[in-house]
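Numbering (this note's numbering), first residue to last: 103 to 416.
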Amino acid sequence: MTRSVVMSASIHMDFELSSVMTELCRLRGAEVVGRDLGEDPSWKILSKEDKQDTVLRDAYDEALRQHMVFHLMSSRRLPAVSEQSNKVMNREQALSLLSLLISNSSPIDIPAHLTNQHVKINSRTLSLELLFATAFHLVRNEFSALEALCPQGYVYTYDPASIFAGSVGAGLLNRLFILAVKHLSSHNQLTNLRIFGFNNYADRPALELLKTALAAQPNVIVVSKSELFQAEDGRYDDGTWLEGKGNGDGGRYDVSKWPSAKRAMLVIHNNSDAFGQNVETEGMGGSLDGAVGASSSAAGTLERGRGDLLDYVV
């Protein structure tokens with residue numbers, strides 16, 4: 103027996119090392135002025151060989167950073183760390199601010215509330231505005247695609263970052279994600295979303311925050327992801343289903359108690375890199391990515407060479 107599922111290729115912001123998202127959103131000694139590389143006819147993507155040249159690669163990476171600052175910061179610039187308009191919080195204060203914005207039931211301009219707001223993690227000061235804008239673009243692209251792809255409805259599952267959370271912490275990233283969901287929900291109707299299953303095993307308060315974030319979507323049921331996978335396990339033997347002994351928590355997907363989810367597509371959130379490398383290479387017991395790759399056709403259907411791979415990114 104098989105089931106058709108959608109595997110999301112939306113990825114977590116990568117804070118495992120300090121050279122990816124931390125480097126993008128940290129404030130430095132001087133401001134970073136954004137520039138739109140799409141308007142620069144001299145801009146060219148470096149070849150694999152040229153990327154091995156440290157000088158060329160550093161200049162290339164800095165140009166990409168300027169491009170992202172241009173599109174993600176309302177002022178088209180990332181301020182210097184010493185600017186007096188900066189408001190710098192510790193992690194706990196940032197968590198409180200984000201939770202307050204999520205819980206606020208009044209119409210608010212979320213991006214405006216994050217302007218000049220920063221969080222200090224260890225020795226680095228990170229822009230909350232840039233972090234939120236990144237989370238929002240990820241969320242908007244994700245649900246725009248799913249709304250078009252799943253007219254029959256879909257059940258969305260989400261597993262928070264773990265390794266990718268790094269020193270920033272999953273709690274902060276969860277609240278950025280949930281705030282982005284709220285911002286999307288306040289301006290759009292998620293017509294085809296039936297159930298949102300959020301894996302809250304390591305962050306119990308996050309589930310209530312997500313329910314608040316999706317309050318404008320009366321059609322959406324918000325549950326812990328584990329509630330979707332409590333049916334008995336088992337196997338087929340000569341065409342007969344033989345149930346296991348999970349005592350009501352067998353781990354098999356079952357949404358029969360929610361009539362609105364009938365015939366809805368199951369969406370698995372892929373925690374691999376954007377191009378599915380872990381799905382191809384990890385074993386069944388290593389991670390969700392490995393389980394997806396070993397138990398489905400996902401690894402065999404990845405098409406990274408498609409010319410339209412990024413055509414539907416908003």
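Positions of the beta carbon are idealized from the N, C-alpha and C atoms, including for glycine.
Because the structure is a prediction, the values reported are computed rather than measured.
Review point. Hey, quick one: how far does the beta strand (DSSP E) through Y162 stretch, first residue to last?
Key: Walking along the sequence shown from the start, residue 162 turns up at place 60. Careful: Y162 lies outside any beta strand (DSSP E), inside the alpha helix (DSSP H) at T156 to L174.
**Study point:** Buried versus exposed, by CB contacts within 10 Å (16 or more), D142
**Key:** One-based indexing of the sequence shown puts residue 142 at position 40. The residue is exposed, with fewer than 16 neighbouring Cβ atoms inside 10 Å.
Point to revise | Residue from I265, L166, V183 and S246 whose Cα sits closest to the Cα of Q291 | key: Within the sequence shown, residue 291 is the residue found at index 189, counting from 1. For Q291, the nearest C-alpha among the options comes from S246.
Check your understanding: Would DSSP call T383 helix, strand or coil?
Key -> Here residue 383 is taken as the residue at index 281 of the sequence shown, counted from 1. The answer is helix: DSSP assigns T383 an H, G or I state.
Point to revise | Own chain residues within Cβ distance below 8 angstroms of E249, not counting five before or after | key: Taking the sequence shown and counting its residues from 1, the one referred to as residue 249 is at position 147. The residues are L292, T293, N294 and L295.
Review point. Under three-state DSSP, which class holds S177?
Key: Taking the first residue of the sequence shown as 1, we reach residue 177 at position 75. S177: coil per DSSP, three-state reduction.
Check your understanding: Can we count L274 as close to the ligand SAH, meaning its CB is less than 7 angstroms from some heavy atom?
Key -> Annotation note on the ligand SAH: not contained in the displayed structure, which lists no ligands.
Point to revise | One or two residues paired with G299 in a DSSP bridge | key: Start at 1 with the first residue of the sequence shown, and residue 299 comes out as number 197. In the DSSP output, where bridge partners are listed per residue, G299 has T259 and V325.
Practice item. Check each candidate in V157, L275, K153 and G268 and name the one with the smallest Cα separation from L119. Key: Locating residue 119 in the sequence shown gives position 17, counting from the first residue. Among V157, L275, K153 and G268, the Cα nearest to that of L119 belongs to G268.
Point to revise | Other residues of its chain near H114: CB distance less than 6 angstroms, five sequence neighbours each side excluded | key: Residue 114 sits at position 12 when you count from the first residue of the sequence shown. Once the five neighbours on either side are set aside, the close Cβ partners of H114 are A263 and F266.
Exercise for review: Could you tell me whether the stretch 138 to 153 touches the stretch 296 to 310, using the rule of 3 or more Cβ pairs below 8 angstroms?
Suggested key: no
Review point. Less than 8 angstroms separating the beta-carbons of A132 and V257?
Key: By one-based count along the sequence shown, residue 132 stands at place 30. By one-based count along the sequence shown, residue 257 stands at place 155. No, the pair does not count as a contact, with Cβ atoms beyond the cut-off.
Check your understanding: Closest by CA to Q319, which one among V190, L232 and S287?
Key -> Working through the sequence shown from its first residue, we reach residue 319 at position 217. Taking only the C-alpha atoms, the option nearest Q319 is S287.
Check your understanding: So the alpha helix (DSSP H) Q195 belongs to, where does it begin and stop?
Key -> Numbered from 1 along the sequence shown, position 93 holds the residue referred to as residue 195. That run of the alpha helix (DSSP H) goes R193 to S205.
Review point. With DSSP run on the structure shown, which of helix, strand or coil describes V122?
Key: The sequence position of residue 122 within the sequence shown is 20, counting from 1. Note: V122 maps to coil in three-state DSSP.
Practice item. Decide if G385 is buried, meaning its Cβ has at least 16 other Cβ atoms within 10 Å, or exposed. Key: In the sequence shown, residue 385 corresponds to position 283, counting from 1. By the 10 Å Cβ count, G385 comes out exposed.
Exercise for review: Could you have a look at H220 and say whether DSSP puts it in helix, strand or coil?
Suggested key: On the sequence shown, residue 220 is found 118 positions in, with the first residue counted as 1. Shown here, H220 sits in a strand according to DSSP, grouped into three states.
Point to revise | Residues bridged to K189 (per DSSP) | key: Position 87 of the sequence shown, counted from the first residue, corresponds to residue 189. According to DSSP, K189 bridges with Q219.
Review point. Which class does A318 belong to by DSSP, given the choice of helix, strand or coil?
Key: On the sequence shown, position 216 is the one that residue 318 refers to. Coil at A318, not helix or strand.
Exercise for review: Please report how far the alpha carbon of Q154 lies from the alpha carbon of L230, in whole angstroms.
Suggested key: To locate residue 154, count along the sequence shown from 1; it is residue 52. To locate residue 230, count along the sequence shown from 1; it is residue 128. The straight-line gap from Cα to Cα measures roughly 32 angstroms.
Check your understanding: What is the DSSP secondary structure of L233, counted as helix, strand or coil?
Key -> Your numbering for residue 233 matches position 131 in the sequence shown. Helix.
Point to revise | Spatial distance of G273 from V135 (CA atoms) | key: Numbered from 1 along the sequence shown, position 171 holds the residue referred to as residue 273. Numbered from 1 along the sequence shown, position 33 holds the residue referred to as residue 135. If you take the alpha carbons of G273 and V135, they lie about 30 angstroms apart.
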